[in-house]
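Novice: Please read through the structure below; I'll follow up with questions.
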Amino acid sequence: MRGHETGGNTLALDLVRSLGPGMLLLGDRGFGGSYVLFGAMAATGADLLWRVKSSA
Numbered sequence: 004m005r006g007h008e009t010g011g012n013t014l015a016l017d018l019v020r021s022l023g024p025g026m027l028l029l030g031d032r033g034f035g036g037s038y039v040l041f042g043a044m045a046a047t048g049a050d051l052l053w054r055v056k057s058s059a
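Count the sequence shown with the working numbering and you get residues 4 to 59, in order.
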């Protein structure tokens, strides 16, 4: 378990190992700008529902 000083994107990358087909992951707009993170999660086969800024 990581401490509170660990950033959200780092923790989210750890989540990638737990994702798989048939799962739904909801992403908040704070992660919308991370193409590496989105790509890694999409590659798992999980369904993604991502909230992003209208200017994205």
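Here a beta-carbon is modelled for each residue, glycine too, at the ideal position from N, C-alpha and C.
Within the continuous beta strand (DSSP E) that includes residue 29, where are the two ends?
Specialist: Counting along the chain, the beta strand (DSSP E) containing residue 29 begins and ends at 27-30.
Novice: Does DSSP put residue 52 in a helix, a strand or coil?
Specialist: Note: residue 52 maps to strand in three-state DSSP.
Novice: Compare the beta carbon distance of residue 50 and residue 16 with 8 Å and say whether it is the shorter of the two.
Specialist: No; because the gap between Cβ atoms is not below 8 Å, this pair is not in contact.
Novice: Residue range of the alpha helix (DSSP H) that residue 40 falls in?
Specialist: It spans 38-45 - the alpha helix (DSSP H) in which residue 40 sits, taken as one unbroken run.
Novice: DSSP state of residue 22, grouped into three classes?
Specialist: Residue 22: coil per DSSP, three-state reduction.
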